[in-house]
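Some notes on the structure that comes next.
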Amino acid sequence: MPNPTAAMLVIGDEILSGRTRDANMNHLARELTGHGIDLQEVRIVSDDAGAITAAVQALGAAYDHVFTSGGIGPTHDDITAENVARAFDRPISVRADARAILQSHYDRQGLELNEARLRMARIPDGATLIDNPISAAPGFSIENVHVMAGVPSIFNAMLAGLLPTLTGGAPVLSQSLLVYRGEGDIAGPLGDLATRYPDLSIGSYPFQRDGVFGAQIVVRGQDGAQVDAAMSELNRIFPA
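Here is the structure:
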């Protein structure tokens with residue numbers, strides 16, 4: 098059986114402007130790989146209502162899971178929640194359980210749960226909360242879309258709680274080999290190897306070090322025996 102598929106939707110003008118470097122994509126990709134969910138697309142959109150809604154609808158229809166990051170905070174430009182709700186034609190409002198979580202959090206800190214902070218308790222009808230053990234404001238899952246914060250430490254914590262609830266497949270295994278030859282020299286043998294192992298992904302990633310050209314060859318797949326066999330052939334073809 099093929100693994101479940103996934104896409105990531107990164108939301109925020111700060112990413113597209115270059116002011117903020119996204120770290121969540123790399124973390125998500127690694128975690129999904131280990132859980133047996135294949136991340137197949139990453140899309141970045143601005144803080145634009147129509148763009149968020151359209152992307153959620155398109156990705157939600159194409160993949161088993163969609164993971165979003167960004168735009169669920171207390172400020173005016175945090176518009177993810179209402180536009181995810183709009184993508185599913187669901188009403189959104191302050192929900193009692195989300196409000197209680199925030200109230201308890203801010204009471205402990207001696208801070209007021211003001212109108213801005215209360216925005217983070219708006220949850221679409223029918224959604225399930227995603228726990229936020231760091232700053233309390235919950236994310237949520239609605240159908241196959243999982244809405245999480247953009248701050249990496251919070252995103253990572255939310256994902257750690259969410260991922261065990263999702264059904265995965267076979268983890269993808271990988272091994273690699275450094276070959277100090279140009280890609281033009283290794284392309285033919287690599288193509289032949291890929292033909293013999295159609296169930297594996299065999300990638301070549303070139304580099305230049307101290308004036309010497311080379312490539313890191315990465316073999317990935319779900320069948321450990323096939324990965325081992327392909328790597329054995331690689332080592333025979335390109336001995337150190």
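In the numbering used here, the protein residues as written are 98 to 337. Glycine included, each C-beta is placed from N, C-alpha and C at the ideal position.
Spatial neighbours of Ala152 in its own chain (CB-CB distance under 6 angstroms, excluding positions within 5 residues in sequence) are listed in chain order as Leu106, Arg140, Val142.
Beta bridge pairing from DSSP links Phe164 with Met105, His243.
CA-CA distance, Ile149 to Asn332, rounds to 47 angstroms.
The alpha-carbon separation between Leu125 and His132 amounts to approximately 10 angstroms. Taken in chain order, the whole alpha helix (DSSP H) runs of length 4 or more contained in the region 242-286 are 249-259.
As computed with DSSP, Gly318 is found in a beta bridge with Leu270.
For Gly311, the closest C-alpha among the options Phe335, Asp320, Arg278, Gly285 is that of Arg278. DSSP places Tyr302 outside any alpha helix (DSSP H); the residue lies instead in the beta strand (DSSP E), whose first and last residues are 298-306. The straight-line gap separating the alpha-carbon atoms of Thr264 and Tyr160 is approximately 14 angstroms. Note that the C-beta distance between Arg317 and Ser250 is not below 8 angstroms. Between Leu275 and Ile108, the alpha-carbon positions lie close to 36 angstroms from each other. A distance below 8 angstroms separates the beta carbons of Ile189 and Ile220.
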